[in-house]
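> I have a structure here, written as structure tokens, and I will follow up with some questions on it.
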Amino acid sequence: MAKFITFEGVDGAGKSTHLNWFADTLRARGIDLLVTREPGGTPLGEKLREILLHEPMHAETEALLMFAARREHLAQVIKPALERGTWVISDRFTDASFAYQGGGRGVVVEKLEQLERWVQEDLQPDLTLLFDIPVEVARERLTKNVALTNVALDKFEQEKSDFFNKVRNAYLARAQKNPARFAIIHAEKSPGEVKASLEKIVTSV
Numbered sequence: 002m003a004k005f006i007t008f009e010g011v012d013g014a015g016k017s018t019h020l021n022w023f024a025d026t027l028r029a030r031g032i033d034l035l036v037t038r039e040p041g042g043t044p045l046g047e048k049l050r051e052i053l054l055h056e057p058m059h060a061e062t063e064a065l066l067m068f069a070a071r072r073e074h075l076a077q078v079i080k081p082a083l084e085r086g087t088w089v090i091s092d093r094f095t096d097a098s099f100a101y102q103g104g105g106r107g108v109v110v111e112k113l114e115q116l117e118r119w120v121q122e123d124l125q126p127d128l129t130l131l132f133d134i135p136v137e138v139a140r141e142r143l144t145k146n147v148a149l150t151n152v153a154l155d156k157f158e159q160e161k162s163d164f165f166n167k168v169r170n171a172y173l174a175r176a177q178k179n180p181a182r183f184a185i186i187h188a189e190k191s192p193g194e195v196k197a198s199l200e201k202i203v204t205s206v
């Protein structure tokens, strides 16, 4: 049976760095696999991504647009892939909405839960890898990355440490609520140590 795996964490945690290795390792086992991302994943979702990452808006508008992009993502990409037996790895999914819009922006959790039920019905990831990291370490990594790549930070990445502490705490609360689904990766460790943790997980999925 095809599995749905999501990668989560605050900006600068390093999840995207390890996602491709994780996917390639599964492909080497002969698994048919699709890698996607949120917000995005579809032509409409990518247009909404540009708006969400760069345009100021009310926190609830932001949450609604995130779930609108997610509904399209599910209908056009995720569910069809799973139904045909293709595994799906997504760089962020609904846990990010509870962390960023709920924890960071302060959107009422009950409203997010209503959207989650409406948009996803009973679909949840089979496994969520949460790259947990102290906020100051994540901020330092982001700063270094900007210096190396000269790529401007988006509106989320520009937020202050207090915002990201709220995001991190919301992620950890979500993981505590769903312990069977979450695997917490201590992302402040060296790349080799993080990879070793992932190797244990990738052999068991």
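Just so it is clear: in the sequence shown, position 165 is 166 by our numbering, and no numbers are missing. Just so it is clear, CB atoms sit at the ideal spot from N, CA and C, and this is done for glycine as well.
1) Could you give the residue range of the alpha helix (DSSP H) that holds Ser198?
2) What does DSSP give as the partner residue(s) for Arg38 in the beta ladder?
3) In whole angstroms, what separates the C-alpha of Trp88 from that of Asp12?
4) Look up Leu131 in the DSSP assignment and say whether it is helix, strand or coil.
5) Could you spell out the range, first to last residue, of the beta strand (DSSP E) harbouring Phe183?
6) Helix, strand or coil, according to DSSP, for Thr87 in the structure here?
7) Look at the alpha carbon of Glu137 and the alpha carbon of Lys196, and state the distance between them as a whole number of angstroms.
8) Check Glu9 in the structure and name its three-state DSSP category.
9) Assuming Lys167 is part of the alpha helix (DSSP H), what are its boundary residues?
10) Report, in whole angstroms, the separation of the C-beta atoms of Glu9 and Phe132, which I expect to be a contact under 8 Å.
11) When you compare only the Cα positions, how much space is there between Leu75 and Pro126?
12) So Thr129 and Phe68 are supposed to be a Cβ contact under 8 Å. How far apart are they, rounded?
13) Out of Glu189, Gly41 and Ile32, which one is the CA nearest neighbour of Leu66?
14) Helix, strand or coil for Gly59? Go by DSSP, reduced to three states.
15) Among residues of its own chain, excluding the 5 on either side of Ala139, which ones have a beta-carbon nearer than 6 Å to its beta-carbon?
According to the data block:
1) Along the sequence shown, one-based indexing puts residue 198 at 197. Unbroken alpha helix (DSSP H) run through Ser198: Pro192 to Val203.
2) In the sequence shown, the residue the question calls residue 38 occupies position 37. Answer by DSSP bridge pairing, in chain order: Asp92.
3) Here residue 88 corresponds to residue number 87 of the sequence shown, with the count starting at 1. Here residue 12 corresponds to residue number 11 of the sequence shown, with the count starting at 1. Looking at the two C-alpha atoms, the distance is approximately 25 Å.
4) Translated into the one-based positions of the sequence shown, residue 131 becomes position 130. It is a strand residue.
5) By 1-based counting over the sequence shown, the position of residue 183 is 182. Taken as a continuous stretch (DSSP letters only), the beta strand (DSSP E) holding Phe183 covers Phe183 to His187.
6) Within the sequence shown, numbered from 1, the residue matching residue 87 stands at position 86. Reduced to three states, the DSSP call for Thr87 is coil.
7) On the sequence shown, position 136 is the one that residue 137 refers to. On the sequence shown, position 195 is the one that residue 196 refers to. Those two C-alpha atoms are separated by around 22 Å.
8) Taking the first residue of the sequence shown as position 1, residue 9 is located at position 8. Strand at Glu9.
9) Counting from 1 along the sequence shown, the entry for residue 167 is found at position 166. Taken as a continuous stretch (DSSP letters only), the alpha helix (DSSP H) holding Lys167 covers Ser162 to Lys178.
10) The count along the sequence shown starts at 1 and reaches residue 9 at position 8. The count along the sequence shown starts at 1 and reaches residue 132 at position 131. Right, the Cβ-Cβ distance comes to about 7 Å (below 8 Å), so this counts as a contact.
11) As a working mapping, residue 75 is identified with position 74 in the sequence shown. As a working mapping, residue 126 is identified with position 125 in the sequence shown. Taking the straight line joining both Cα atoms gives about 12 Å.
12) For the purposes of this step, residue 129 is taken as residue 128 along the sequence shown, with counting starting at 1. For the purposes of this step, residue 68 is taken as residue 67 along the sequence shown, with counting starting at 1. About 18 Å; that fails the 8 Å criterion.
13) For this step, residue 66 is matched to residue 65 along the sequence shown. The residue with the shortest Cα to Cα distance from Leu66 is Gly41.
14) Here residue 59 refers to the residue found at position 58 of the sequence shown. First, the residue type needs correcting, since residue 59 is His and not Gly in the sequence shown. In the structure shown, His59 sits in coil (DSSP, three-state: anything other than H, G, I, E or B).
15) Along the sequence shown, read from residue 1 onward, the residue named residue 139 stands at position 138. Excluding sequence neighbours, Ala139 sits near Val11, Gly13 and Ala14.
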